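Notes follow once the structure below has been shown.
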Amino acid sequence: MKPFNARAPKVGRPRLVRVDADNKRHAEQKSYNQGKTLRKAVRGEDVMEVAQYIRTHKPGLEQLQSFLDTFEVRFTRHTKNKMTVQSRPPDAANTLTFRLPQTLVTKALEEIRKTSGSTVVDLACSQTDTDVQWVVTIEGAGEFSEPQLKAMYYLGDLTNTCKLGLQCYSWLMTSVDPLLEERCRAAGGTVCGETEAFAVAKELMKTWPHTQLPGFDFLIEWSNIYCAREETWYNDLVIEAFTTTLSAKYGKNKTIFLPQLQLPDTYEGNRVPEATRVALEMATEDYIFLPINLNSSHWACIVVDNVKGALMCYDSVDKRTHPEAPAGDCERDYQHNAHRFRSNDDAQPDIER
1 MKPFNARAPK VGRPRLVRVD ADNKRHAEQK SYNQGKTLRK AVRGEDVMEV
51 AQYIRTHKPG LEQLQSFLDT FEVRFTRHTK NKMTVQSRPP DAANTLTFRL
101 PQTLVTKALE EIRKTSGSTV VDLACSQTDT DVQWVVTIEG AGEFSEPQLK
151 AMYYLGDLTN TCKLGLQCYS WLMTSVDPLL EERCRAAGGT VCGETEAFAV
201 AKELMKTWPH TQLPGFDFLI EWSNIYCARE ETWYNDLVIE AFTTTLSAKY
251 GKNKTIFLPQ LQLPDTYEGN RVPEATRVAL EMATEDYIFL PINLNSSHWA
301 CIVVDNVKGA LMCYDSVDKR THPEAPAGDC ERDYQHNAHR FRSNDDAQPD
351 IER
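Residue numbers for the sequence shown follow full-length UniProt numbering, beginning at 1 and rising by one.
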């Protein structure tokens, strides 16, 4: 009995779609070419020189991501855990033109901190090749000085930052930009031109990730807003920037934004700071928004509705999945501390979720 039917048609490699393959190849080539200036400048240089060049010249996100995406990473499947730490001058001929995986670099720096007793890692410090330095010998990988490991950590951190920046760019271009164009057409516009989302996305790609954003009285960088996309937790700086922007935009409206609260607090039963409580009691606005950080894990927002005499807690996480979340404790503190909620019948506020 023959295992195969001789009359059956032969099945070989699936037919290649030339148009899709060419488009993909051209896109990859274009992305690769964005980092050619960096590659030419640091070709053959030690990882410390690469990190110093990037830190000094501050390339834009698109150029930086293209370079780091092709920067060699070795020992990605390294499984040996034995590390030896010594204090001695490093081998001057040990030039590293690659970096290690971030997890391996973090572990090596941790071994140095344990040996030296130091808990502070200065990623910007510089040492000469003749200085006595901490040298980590990783079994199966080789010797790495502390400055080299710090440079690798810096490049690995930049790689992760660039990935977040590209995700933010993709969200702006695929979700926000088409929505704004649709609104423009619905309003009767024939030629809408560049939308605000497109302009922001273009500026994002050509800007150094750690460039400070203008217009705020506190330090916030472009990299801090890379989390501004769907299904992503916002960090404290984005929340503060958002409330600051809304306060400036609606300054004469009947809405105020107070400083955020952070829970849990050491003074249980008195979790509302005195300054916030006084501001609430003196407020005459109809609505008061209070962003709250719950257990340093995510944000919620308490809205004091002085028109209806109600407290409302807006939380993107279902409270049933977080039964110990202290938002309710904070709400009860507002209710029990004699806030002057102004309603028609002077009733105590209701708590809603």
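We treat Cβ as the ideally placed atom computed from N, Cα and C, and that holds for glycine.
Everything numeric in this text was worked out from a predicted model, so none of it was measured.
Looking at the structure shown, is residue i part of a helix, part of a strand, or coil, going by DSSP?
i: W208; result: coil
i: H57; result: helix
i: D305; result: strand
i: A300; result: strand
i: F289; result: strand
i: E196; result: helix
i: R13; result: coil
i: L109; result: helix
i: E231; result: coil
i: L294; result: strand
i: E203; result: helix
i: E221; result: strand
i: A338; result: Low confidence applies here, because A338 scores a pLDDT of 38, under 50, leaving its location unreliable; read the following figure in that light. If DSSP states are grouped into helix, strand and coil, A338 belongs with coil.
i: R7; result: coil
Just to confirm the assignment, what range does the alpha helix (DSSP H) spanning residue i have?
i: N33; result: R18 to N33
i: E182; result: D177 to A186
i: A241; result: D236 to K249
i: V278; result: E274 to M282
i: L38; result: K36 to V42
I'd like to check one pair, residue j with residue i: are the Cβ atoms closer than 8 angstroms?
i: W208; j: G60; result: yes
i: L100; j: F71; result: no
i: T95; j: Y153; result: no
i: Y287; j: D305; result: yes
i: G165; j: Y250; result: no
i: P291; j: T232; result: no
i: Q133; j: P90; result: yes
i: T97; j: V135; result: no
i: T161; j: M83; result: no
i: A51; j: L155; result: yes
i: T115; j: V73; result: no
i: T159; j: E181; result: no
i: H78; j: L38; result: no
i: C168; j: A228; result: yes
i: I302; j: L294; result: no
i: N230; j: S175; result: In the sequence under discussion, the amino acid at residue 230 is Glu, which differs from the Asn named in the question. Yes, these two residues count as a Cβ contact at 8 angstroms.
Please list the terminal residues of the continuous beta strand (DSSP E) segment that includes residue i.
i: E143; result: G142 to S145
i: S87; result: M83 to R88
i: T137; result: Q133 to I138
i: A310; result: A310 to D315
Quick check on residue i: buried or exposed, where buried means 16 or more other Cβ atoms within 10 Å of its Cβ?
i: T321; result: For T321, the pLDDT reaches just 42, beneath the cut-off of 50, and the residue's location in the model is therefore unreliable, although a value from the coordinates is still provided. It is exposed - the Cβ of T321 has fewer than 16 other Cβ atoms within 10 Å.
i: K150; result: buried
i: L16; result: exposed
i: R18; result: exposed
i: M282; result: exposed
i: P214; result: exposed
i: A81; result: First, the amino acid is wrong: residue 81 is Asn here, not Ala. Classification of N81: exposed, given that the 10 Å Cβ count is below 16.
i: G193; result: exposed
i: R88; result: exposed
i: V278; result: exposed
i: D177; result: buried
i: P14; result: exposed
i: A108; result: buried
i: N224; result: buried
i: Q212; result: exposed
i: L179; result: exposed
i: V42; result: buried
i: A186; result: exposed
i: A275; result: exposed
The ligand SAH and residue i: does any heavy atom of the ligand fall closer than 7 angstroms to the residue's C-beta?
i: I54; result: The ligand SAH is not part of this structure, which contains no ligands at all.
Original post:
With contact counted as at least three CB pairs below 8 angstroms, one residue from each stretch, are the region 64 to 83 and the region 22 to 36 in contact?
Top reply: A contact exists between the region 64 to 83 and the region 22 to 36.
Original post:
Can you find at least 3 beta carbon pairs, one from the region 140 to 147 and one from the region 199 to 206, that sit closer than 8 angstroms?
Top reply: Verdict: no, contact absent.
Original post:
Is there contact here, the region 210 to 223 with the region 232 to 249, by at least three beta-carbon pairs under 8 angstroms?
Top reply: Contact between the region 210 to 223 and the region 232 to 249 is present: three or more C-beta pairs spanning the two stretches fall below 8 angstroms.
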